[in-house]
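The structure under discussion appears below in the form of C-alpha cells.
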Amino acid sequence: MTLRFPEGFVWGTATAAFQIEGAAAEDGRAPSIWDGYLRERGYRGDDGDIAADHYHRWEGDLDLAASLGAPAYRFSASWSRVMPDGRTVNALGLDFYRRLVDGLLERGLTPALTMYHMDLPAVFEGGWASRETALRFADYAHTLTEELGDRVPMWMTVNELYYESWLGYCEGAFPPGHRDRDLAVAALHHMLLAHGLGVEAVRRNARGAEVGLVTGYAPTVPGSAHPDDVAAARRTHRHSNCAVLEPVLRGSYPEPYRTHPMRADALERVVRVGDLETIANPVDFIGLNYYFQRHIVASERTGAPEVAAAMDPLGDWLVLDHLHDIGVTEMRPKSDTRTMAGWKPEADGMRRMLTEVTDEYGQVPIFVTENGLPLPDYVGPDGRINDVERIAYTGEHLAAAHAAIQAGAWLRGYFHWSFMDNLEWTSGYGHRFGLVHVDYATQRRTPKASFDWYAGVAAANELPVPAVPVDGTTPI
Ligand code: FCB
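Counting from 0, one number per residue, gives the positions in the sequence shown under numbering that gives the first Met the number 0.
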C-alpha cells in the first residue's frame, strides 16, 4: 500500500547558516549572538567556528543535495556575513549567497531562502528588544532581495520567532540569555515587525516570488479531561502557537497578550500605529516546524490524583517558566519514550497541527518547513549508517501529514530537517538530525539509509506504508 501526495507537492530539505557554515571569521563575517553565547554556555564547548565547514564545501554539498532528488533546498543567509556591522554591505559575504543560489539553480534545485534563522549580529544593542533592530532588518532584507530576488522563488523572512523571543529574552535558555518578560514581549513584536518589513522587501524586489515566515508549532494536549486542564491547554496554544499566526494572518495579538496585564502593558509600550498592518502584510504561505506536542495541566492541578497518576514533572527540558503566570504547567506522560532531545515523537501532532491551523485560520497554504529526529548516528562496520528509527519517524509523520491533506489542509510541501548533520544550538554536535552524516574530524559526508529512503519517497511522490518492514531492520 502507498499514500500518494498531491500533484506538484514540494519535497525538500532544510538547513540554517550558523548550524552548517563554519568559517566564523572569514571574508569579513562578524560574530552573531550565538558565537559568544556558545563559548560561554554551550554544550561541551561546541561552537560554530568550523561546524560542517559548508562555507568551503558547499559545492560538494549541493552535488549531494542534487543526488537526493528532493528539488527544494531551504537554507538561511547569515546577516553577520552580509552586513557585519549591521549597516554596511560586505560584498564578500553577499557573494557567498550569490554563488550558493546560482549553484542550486545550476543543479536543478529550488532555492528556498530564510533571511534570518536565529543568528542575530552581535552588534545590535538590545537585540530584538530594540525597535531599531527591526528597522535594520528591513535594510538587510532589501539587500538580499535586491541581489537575489530575480533567482530565489521562495522566501522566508524569520524563523521560529516565538521560541527565539521567549527562550532568549525570558527563559535565558538561548542568547542573549535575558530573564525578563517585558523584553520577551518586545522581542516578539519587533521580530514580527521585521517579518512584515521583509515581506515588503520581497514584494518590491522579487516580483513573482513567494514569501512567508516560519513558526514553530506544538499542539497542546490537556493532561486530563478536567475542564481546568482543557482550558490551560487552550491558553498555552493561544499563547504560543497563535502568538505568531494571529498577528500575521489576522493583524491582532491573541487574547493572552491582550488580556494578561503584564503582556498587555508590555505590548502597549512597543506597538506603534501601523505596526500591525505591516505585520499582517499578506503572505503566500505559512511555514510550520513540527517536532513535538505539549502536555499541559492547570498549575494548581499538578498534584490532582488523576494528573499525578498519569503525568510526571517535565524535568529540566525546555521548561516554559514564562507560562506559569498564565496558570499553566507543562508535564510529561509517564513512561513515554523520548528522543535524545528530550521530547516524545508523536506523529499525530503533525496531523493535529495542520488541521488546527486550517480550522482556525481557513485554508491557508502551508509548508512543513522542518520536521526531523535527532539520533546518535554512527558509521557501522559496513560503512553504512542504518538509521531505521529516522525512516520510521519520517514515514509516520508523512502519513499523518497525508491524513491532514485528506481532511482538507492545504499542505504544499515538506522540508525534512535536516539535509546534513549540524550544530544543534545549545545541544552541540551530538544531536544528529541529518539525512547525510558528517564526520566532524574529517568532514567526510556519508548519506544515511534515510537519505535513500527519502529520495525514493520524493521521486515517487508517494509514501510506502508501513515505512519500515515489521522486523524493523531493512529499510524499504
Ligand atoms: C528548530 C530550529 C532548527 C533546528 C531544529 C531541530 O527549532 O529551527 O534550527 O535546530 O529545531
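Glycine included, C-beta positions come from ideal geometry on N, C-alpha and C.
What you are looking at is a predicted structure, and each value in this text was computed from that prediction instead of being measured.
Beta-carbon to beta-carbon, residue 364 and residue 431 are separated by about 31 Å, too far to satisfy the 8 Å threshold. From the listed residues 201, 175, 38, 174, the smallest Cα separation to residue 114 is found for 201. Just so you know, the alpha carbons of residue 464 and residue 70 end up roughly 23 Å apart. At least one heavy atom of the ligand FCB lies closer than 7 Å to the C-beta of residue 162. Around the beta carbon of residue 174, 16 or more other beta carbons sit within 10 angstroms, so the residue counts as buried.
Inclusion of residue 345 and residue 416 in the CB contact set at 8 Å is not warranted, their separation being larger than that value.
Where residue 180 is concerned, the enclosing alpha helix (DSSP H) starts and stops at 180-204. Distance from the C-beta of residue 18 to the nearest heavy atom of the ligand FCB is below 7 Å.
For the pair residue 147 and residue 153, the Cα-to-Cα distance works out to about 11 Å. Going by beta carbons, residue 18 and residue 422 fall inside the 8 Å limit. With a beta-carbon spacing of about 7 Å, residue 29 and residue 121 fall inside the 8 Å limit used to define contacts.
The C-alpha of residue 166 is placed about 12 Å away from the C-alpha of residue 425.
Taking a C-beta distance under 8 Å as the contact criterion, residue 151 and residue 100 qualify as a contact pair. Counting along the chain, no alpha helix (DSSP H) covers residue 325, and no H or E run does either. DSSP places residue 415 in the strand class (E or B) of the three-state scheme. For secondary structure counted as the alpha helix (DSSP H) over 4 or more consecutive residues, the region 346-404 holds these complete runs in sequence order: 347-360. Here the alpha carbons of residue 191 and residue 199 stand approximately 13 Å from one another.
Taking all protein chains shown into account, residue 61 has 16 or more neighbouring C-beta atoms within 10 Å of its C-beta and is therefore buried. Within the same chain, 81, 82, 142 come within 8 Å of residue 88 by CB-CB distance, once the 5 residues on both sides are set aside. Partner residues in the beta bridge of residue 284, as assigned by DSSP, are 211.
Scanning 182, 262, 145 for the CA closest to the CA of residue 125 turns up 182. At the C-beta level, residue 215 and residue 284 stay beyond 8 Å of one another.
No heavy atom of the ligand FCB is found nearer than 7 Å to the CB of residue 401. Remark: three or more beta-carbon pairs, one from each stretch, lie closer than 8 Å, so the region 267-280 and the region 243-250 are flagged as touching. In the DSSP assignment, the residues bridged to residue 431 are 374.
Within 7 Å of the C-beta of residue 154 there is not a single heavy atom belonging to the ligand FCB. By DSSP's assignment, residue 158 forms a beta bridge with 213. A distance below 8 Å separates the beta carbons of residue 36 and residue 176.
Cα atoms of residue 290 and residue 12: separation of roughly 15 Å, rounded to the nearest angstrom. Beta-bridge partners of residue 452 (DSSP): none assigned. Ranked by Cα distance from residue 461, the first of 330, 408, 394, 103 is 394.
Spatial neighbours of residue 104 in its own chain (CB-CB distance under 8 Å, excluding positions within 5 residues in sequence) are listed in chain order as 110, 150. Residue 255 is positioned such that its CB atom lies closer than 8 Å to that of residue 237. Counting every other CB atom within 10 Å of its CB across the protein chains shown gives residue 155 a total of 16 or more, marking it as buried. Residue pairing of residue 80 in beta bridges, as defined by DSSP: absent, with no partner found. In this structure, the CA atom of residue 49 is about 11 Å from the CA atom of residue 56.
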